[in-house]
Amino acid sequence: PPRSTLFPYTTLFRSIKKTEQLKSLSEFKSTSINDTIKLDSIKGIIDDFSYDGPYPDTSLWLDKFVYINRGYPKAPITIGVATFDGLNANGYPYDNFVGANTSSLPADVLTSKPINLNYLPSDSLYLRFFYQPQGFGDNPEPLDSLVLEFKAPRDSVWSSIWGHEGRVLANDNDSSWNRVMIPITDTSFLKKGFQFRFRNYATISGGFDDWHIDYVYLNRNRKASDTVFSDISWVYNGTSLLKNYQAMPWKQYLQSELRTSIPNLIRNNYINLQSLNYNYKITNDTSLATIGTFNGSVNILPFDSNKIYTDCDVSAGCIKTVAITQNVSPFPATLSAPTQFTIKHYYKNTVGDLIAINDTLDVHNEFSNYYAYDDGAAESAVYLNTLNAQLAEKFTLNVGDTLQCVDIYFYPMGSNATLYSFSLNVWNDNGGIPGTAIYTSASVLTPEYDTTGINKFIRYCLDAPLYLSASTFYIGFTQITDQELNVGEDKNNNTMDKVFYNVGSGWENAYSTLSGSLMMRPILGTKAGLVDIDNHTAKNVSSISVYPNPANDIINIQIVSPNPKGSNVQINIYNVMGEKVYEEAPTLNGDNIFPITLPLGLGQGVYFIRITEGENSLTTKFVKIN
């Protein structure tokens, strides 16, 4: 694509997939489990993934590589799916960014525990599941695939049973969920200890090539023509109580920030209209007081696959609570401390409903010390690929407050952003777009990934707290590279009207080209009130200077370190493409000054020096002129 715009990462094109490059991953070796699951006499074995993730139910599955979530799929059969991509169980690329973005290799796997299938072929056993490519994520390409395999007891070989090549999700409706019915008649499988597994082949350098499966169902006495099942479920995560945010600081709370109604989507998988007894309850989780309730009957028509169910815009399946904030007296006028409101939506009296857990939907609204447009989970990423490009997100304070830090989630996808740098910025408002930069970080910062879990933000604290009056402000960064710093994008909330980018010709709004919410959050309040989000904080050596700058063939690096003499440091120099052109591991001496002769043949241009000292690091740049 042109190199002068803000892009969704899903538009990148990877043209060559090498299916012959199969990678043997040790993680695929499932632990030997002796216990065997029995088919329930009525429900058989069923998993609709509607429980809290991010990992599969350990009573049914042996491994945890797939991502159980509610954000990736479009109009799932029931709320929640299992997503297959190129990320491992901790949300990090399987290949640690060292592989080619054009490969198609074994990635995620979902393996059942051993199952007692000691039945006859005449018992008519079928395994049914639904699958969808892409959803709100990245589409799997033709040489990617999703496969199903069976394994007979005491057999070390998995047999290929079914598979499908990658494709793009249809945009005109949500009928792209495909039902698969697999009869199990081979007597080698009809024994105690039978297993099945799903696995995908994908680019394993990030969140690429997404597949989603839903409603895995294994039972007896079934027919290939079984297309209807008795279940009604919520479809997406519930709508926030707030009009403009998913979360906001407690000091900024006003009753006027609350919605007047809460729309949520229900999917009726019966063949006919269902009448439900629908309820909700709103609770102040700090005081444990119930501050709002509703009970009434609603009618839900069957799901129509010819409609588009990306939002609660289809009246046949949309429940809207009745003006919950019309009488706002139960809600406090202001808050005196952090708190959380929870709204529980639930329904009952559905005859024959197969799964009860998907009948309840809890929505938590946190009033802590941060603003969030996103729901905390990334389905994609956006990036700029222009040197010195700027990315900004808009927020508004109801009362004056102090900005302490900015949390950013850099989504691991394709390129290793930790090789590049940015400066943190805060801008004031200039008629609805970013104005003057009122803060720029003193040192150059580096994107980081938390490899211990999924969707973990990195916290970048300002050099000094910045007081902001009740006004509009913008947080963001200026990137010191033309490579992609992929910022996570929540595709379930669209606040791109609050996102702006500048690639050298002035600020532009992202709303016309993108749909989603950036995963950047301002952290406000007092230093003592900072909430630990269990993520890394950007750390730096005390200071670094490079001279002369610009330079010819020799530069001097001076480090002022918080550690005593003798601490080991690593010095790396990168070009703007992120390629390492020089490295050295000296020991700090009395002066902490290191003269470096630049490699012969190093051309003119901008280069980046990264100093790593234990867990601390700092990056700065210099210009070579000859």
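To get my numbering, take the position in the sequence shown, counting from 1, and add 25. Even glycine gets a Cβ: it sits at the ideal position worked out from N, Cα and C.
Asked	Found
Have a look at R635 and A489 and give me their C-alpha separation to the nearest angstrom.	23 Å
Under 8 Å, do I229 and Y119 count as touching if we go by C-beta distance?	yes
Three Cβ pairs or more, each shorter than 8 Å: is that satisfied between the stretch 257-276 and the stretch 144-153?	no
State the CB to CB distance for the pair S542 and N577, rounded to an integer number of angstroms; the pair is presumed to be in contact (CB under 8 Å).	Between N577 and S542 the Cβ distance is about 47 Å, and since that is not below 8 Å, they are no contact.
State buried or exposed for Y632, treating a residue as buried only when at least 16 other CB atoms are found within 10 Å of its CB.	buried
Just verifying my parser: in three-state terms, what is the DSSP assignment at E166?	coil
Indicate the three-state DSSP secondary structure (helix, strand or coil) for Q583 in the structure shown.	strand
Under a three-way DSSP split, which group does W183 fall into?	coil
Does M521 come out as helix, strand or coil in the three-state DSSP assignment?	helix
What separation, rounded to the nearest whole angstrom, lies between the Cα atoms of S361 and D426?	14 Å
In the DSSP output, which residue or residues are listed as bridge partners for E391?	Q365
Do F233 and E404 have their beta-carbon atoms positioned less than 8 Å apart in this structure?	no
I'd like the list of long-range same chain contacts for L267, defined as Cβ closer than 8 Å, with 5 residues on each side in sequence excluded.	M273, E282, L283, R284, N390
Run through the DSSP bridge pairs and tell me what W259 is partnered with.	I291
Using the C-alpha atoms, what's the distance from Y474 back to V648?	28 Å
Assuming D256 contacts T103 (C-beta within less than 8 Å), just tell me the rounded distance between them.	6 Å
Hey, L130 and D88: beta-carbon distance below 8 Å or not?	no
Residues bridged to F319 by DSSP?	Y305
Let me check understanding here. Comparing Cα to Cα, which of A100, I71, D77 lies closest to N94?	D77
Any idea what DSSP makes of T503, helix, strand or coil?	strand
How about the stretch 529-536 and the stretch 430-441: do they share at least three Cβ pairs that are nearer than 8 Å?	no
I think S128 touches G105, with their Cβ atoms under 8 Å apart; what is that distance to the nearest whole Å?	Actually they are not in contact, since the Cβ atoms of S128 and G105 sit about 30 Å apart, beyond 8 Å.
From I349 to S250, what distance separates their C-alpha atoms?	Confidence is the limiting factor: at I349 the pLDDT is only 45, short of 50, which leaves the residue's position unreliable and the question unanswerable from this model.
Going by C-alpha to C-alpha distance, which of A462, N164, G191, N324 sits closest to G501?	A462
Among the candidates S137, D133, Y80, W236, whose CA atom is the shortest distance from the CA of R224?	D133
Using the C-alpha atoms, what's the distance from T645 back to R28?	Residue placement at R28 cannot be trusted, given a pLDDT of 33 that sits under 50; the coordinates are not used to answer.
Note down, in chain order, each residue of its chain lying with its Cβ closer than 8 Å to the Cβ of G696, except the 5 sequence neighbours on either side.	Here the chain covers residues 26 to 651 and nothing more, so residue 696 does not appear.
Do I62 and N113 count as a contact pair if the criterion is CB distance below 8 Å?	no
Relative to the C-alpha of T311, which candidate in R153, T364, T359 has its C-alpha closest?	T364
For Y572, which residues does DSSP report across the bridge?	N581
Are the CB atoms of F154 and I67 within a distance shorter than 8 Å?	no
Would you please state the rounded distance, in angstroms, between the beta carbons of W187 and L168? I believe it to be under 8 Å.	Rounded, the Cβ-Cβ distance is 17 Å, inconsistent with contact.
CA-CA distance, D387 and I368?	6 Å
Expressed to the nearest angstrom, what Euclidean distance is found between the alpha-carbon atoms of N413 and N581?	25 Å
Measure the C-alpha to C-alpha separation of S530 and G439 and round it to an integer number of angstroms.	27 Å
Less than 8 Å between C-beta atoms, sequence neighbours within five positions excluded: which residues of the same chain meet that for I579?	P620, I621, T622, L623
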